[in-house]
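Going by the numbering used here, the residue at position 192 of the sequence shown is 264; the numbering climbs one at a time, nothing skipped.
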Amino acid sequence: MYNLLKGKRGIISGALDQNSIAWKVAEKAHEEGASFVLTNAPIAMRMGEINALAEATGSQIIPADATSVEDLTNLFTQSQEILGGKIDFVLHSIGMSVNIRKKIPYPELNYDYFQKGIDVSAMSLHKMLSVAKKLDAINEWGSVVALTYMAAQRTYPFYTDMADIKAMLESIARSFGYHYGVDKKVRINTVSQSPTKTTAGTGIKGFGDFYDYADAIAPLGNADAESCADYCITLFSDLTRMVTMQNLFHDGGYSSTGVSDKVLYNLGLEKE
Ligand SMILES: NC(=O)c1ccc[n+]([C@@H]2O[C@H](COP(=O)([O-])OP(=O)(O)OC[C@H]3O[C@@H](n4cnc5c(N)ncnc54)[C@H](O)[C@@H]3O)[C@@H](O)[C@H]2O)c1
Numbered sequence: 073m074y075n076l077l078k079g080k081r082g083i084i085s086g087a088l089d090q091n092s093i094a095w096k097v098a099e100k101a102h103e104e105g106a107s108f109v110l111t112n113a114p115i116a117m118r119m120g121e122i123n124a125l126a127e128a129t130g131s132q133i134i135p136a137d138a139t140s141v142e143d144l145t146n147l148f149t150q151s152q153e154i155l156g157g158k159i160d161f162v163l164h165s166i167g168m169s170v171n172i173r174k175k176i177p178y179p180e181l182n183y184d185y186f187q188k189g190i191d192v193s194a195m196s197l198h199k200m201l202s203v204a205k206k207l208d209a210i211n212e213w214g215s216v217v218a219l220t221y222m223a224a225q226r227t228y229p230f231y232t233d234m235a236d237i238k239a240m241l242e243s244i245a246r247s248f249g250y251h252y253g254v255d256k257k258v259r260i261n262t263v264s265q266s267p268t269k270t271t272a273g274t275g276i277k278g279f280g281d282f283y284d285y286a287d288a289i290a291p292l293g294n295a296d297a298e299s300c301a302d303y304c305i306t307l308f309s310d311l312t313r314m315v316t317m318q319n320l321f322h323d324g325g326y327s328s329t330g331v332s333d334k335v336l337y338n339l340g341l342e343k344e
């Protein structure tokens with residue numbers, strides 16, 4: 073442990089179960105000395121697993137639907153009361169696409185589902201930031217991290233509407249990063265993570281094959297949820313205080329690799 077977050081106050085969204093990336097971030101943030109509030113959609117609370125995390129990290133839970141400005145206002149207001157001051161870091165770890173869940177192909181997207189996906193997975197970041205800014209709830213040099221995926225830059229057919237939604241999420245991080253940076257020196261980044269075996273991840277059609285493919289391309293292999301959490305902690309810490317408005321790849325080198333020997337040999341193309 074490095075005490076990287078000693079004395080810092082945070083809000084961590086999206087811890088559904090032990091596989092969730094947010095779950096690992098909460099564990100690491102606790103190890104690094106932070107105090108924080110956990111939040112998730114009221115419907116996710118019913119599964120009750122988050123209680124174990126709250127107990128293990130000494131944190132309180134505030135249910136909030138990330139699409140509701142009212143819920144988010146309550147989240148930021150109450151979090152400051154519980155933690156005893158302004159917030160230093162926020163994790164946005166929220167993603168949901170009904171089109172993906174229902175395995176609807178991209179050319180045939182259902183637009184009601186598409187809009188829902190945008191609201192839950194991208195606009196929610198804008199809402200969080202807007203609420204926080206209005207309430208002046210985040211300390212100067214505070215850090216906000218949202219999780220994204222490389223389908224925002226390159227096409228992955230089975231990622232359907234989430235590709236477009238992640239592109240919007242990354243754009244919101246840049247756009248809001250400007251305004252919040254100028255006004256309050258708050259920094260906002262997205263972390264573009266490897267395929268990871270979580271509820272959201274494994275819900276994607278063909279996830280297993282695609283996970284193995286990415287693993288075979290990346291020189292370091294796929295980054296797991298725990299190392300993603302480590303990276304998020306560095307972004308919450310003061311060691312990265314001049315990093316903002318970036319989309320940061322955390323993928324074992326996947327995004328910079330055209331092809332790997334592993335993939336070529338498996339395909340038998342090395343003989344040609
Ligand atoms: N798993 C992967 O392969 C992968 C790769 C890159 C990026 N990501 C991103 O990481 C983030 C976290 O996902 P995960 O993989 O840990 O899966 P997860 O299923 O554990 O987490 C997704 C979370 O979103 C929450 N959520 C859904 N609707 C909500 C709402 N209306 N309000 C508040 N919370 C809501 C869920 O309850 C859940 O806790 C997502 O943004 C996801 O797109 C995941």
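The beta-carbon is built from N, C-alpha and C at its ideal position, and this holds for glycine as well. Remember, predicted model here, so these are calculated numbers, not experimental data.
Reduced DSSP category for residue i - H, G, I as helix; E, B as strand; rest coil
i, result
"ASP233", "helix"
"GLN218", "A quick correction: the sequence has Ala, not Gln, at residue 218. ALA218: strand per DSSP, three-state reduction."
"SER264", "strand"
"GLN318", "coil"
"TYR197", "Note on identity: in this sequence residue 197 is Leu, with Tyr being the wrong assignment. Looking at LEU197 - three-state DSSP - the assignment turns out to be helix."
"TYR211", "In the sequence as displayed, the identity of residue 211 is Asn instead of Tyr. In the structure shown, ASN211 sits in a strand (DSSP, three-state: E or B)."
"ILE122", "helix"
"ILE190", "helix"
"LEU307", "helix"
"GLU344", "Confidence at GLU344 is low in this model, with a pLDDT of 49, below 50, so the placement of that residue should be treated as unreliable; the coordinate-derived value is given next. Coil, per DSSP."
"LEU76", "coil"
"ALA271", "What sits at residue 271 in the sequence shown is Thr, not Ala. Looking at THR271 - three-state DSSP - the assignment turns out to be helix."
"ARG246", "helix"
"THR329", "coil"
"THR312", "helix"
Residue i, enclosing beta strand (DSSP E) - first and last residue
i, result
"ASP38", "The question about residue 38 has no answer here: the residues shown for the chain are numbered 73 through 344."
"ILE134", "Taken as a continuous stretch (DSSP letters only), ILE134 belongs to no beta strand (DSSP E), as it is neither H nor E."
"ILE83", "81-85"
"THR111", "107-111"
Limits of the unbroken alpha helix (DSSP H) element including residue i
i, result
"THR145", "141-155"
"ILE172", "170-173"
"ILE93", "93-103"
"ILE176", "That residue, ILE176, is in no alpha helix (DSSP H); it is neither H nor E in DSSP."
"ALA288", "279-289"
"ALA116", "114-117"
Length of the line joining the Cα atoms of residue i and residue j
i, j, result
"GLU153", "ASP281", "46 Å"
"ILE159", "VAL109", "10 Å"
"ILE276", "SER266", "14 Å"
"ILE133", "ASN294", "31 Å"
"ILE172", "GLY214", "33 Å"
"LYS96", "ALA297", "7 Å"
"ASP333", "TYR221", "24 Å"
"ILE120", "ASP287", "Ile is not the amino acid found at residue 120; the sequence shown has Gly there. Rounded to the nearest angstrom, the two C-alpha atoms are 32 Å apart."
"ILE83", "TYR74", "20 Å"
"LEU144", "LEU163", "13 Å"
"GLU104", "LEU77", "5 Å"
"GLU99", "ALA136", "21 Å"
"SER243", "LYS256", "19 Å"
"HIS198", "GLY189", "14 Å"
"ARG259", "ASN338", "43 Å"
"ALA106", "ASN146", "21 Å"
"LEU349", "THR270", "What the structure shows of the chain is the stretch from 73 to 344, and residue 349 is not part of that stretch, so it cannot be assessed."
"ARG81", "LEU307", "14 Å"
"GLU344", "LEU336", "Low confidence applies to GLU344: its pLDDT is 49, below 50, so where it sits in the model is not reliable, and the reading given next is rough at best. Those two C-alpha atoms are separated by around 10 Å."
"ALA235", "SER169", "10 Å"
"GLY249", "MET314", "12 Å"
"THR149", "GLY167", "24 Å"
"LYS238", "GLY86", "16 Å"
"SER196", "ALA209", "17 Å"
"THR268", "ILE93", "8 Å"
"ASP89", "ILE122", "7 Å"
"VAL254", "THR329", "35 Å"
"GLY273", "VAL217", "19 Å"
Checklist entry - Does the stretch 226-235 come close enough to the stretch 195-203 to have 3 or more Cβ pairs within less than 8 Å? => result Result no; under three Cβ-Cβ pairs closer than 8 Å.
Item to check | Stretch-stretch touch, CB-based, cutoff 8 Å, three pairs: the stretch 95-111 with the stretch 184-196 | outcome: Here the stretch 95-111 makes no contact with the stretch 184-196; the two share fewer than three CB pairs at distances below 8 Å.
Checklist entry - Is the stretch 248-264 touching the stretch 322-329 in the sense that three or more CB pairs, one from each, lie closer than 8 Å? => result Counting Cβ pairs under 8 Å, three or more are found: they touch.
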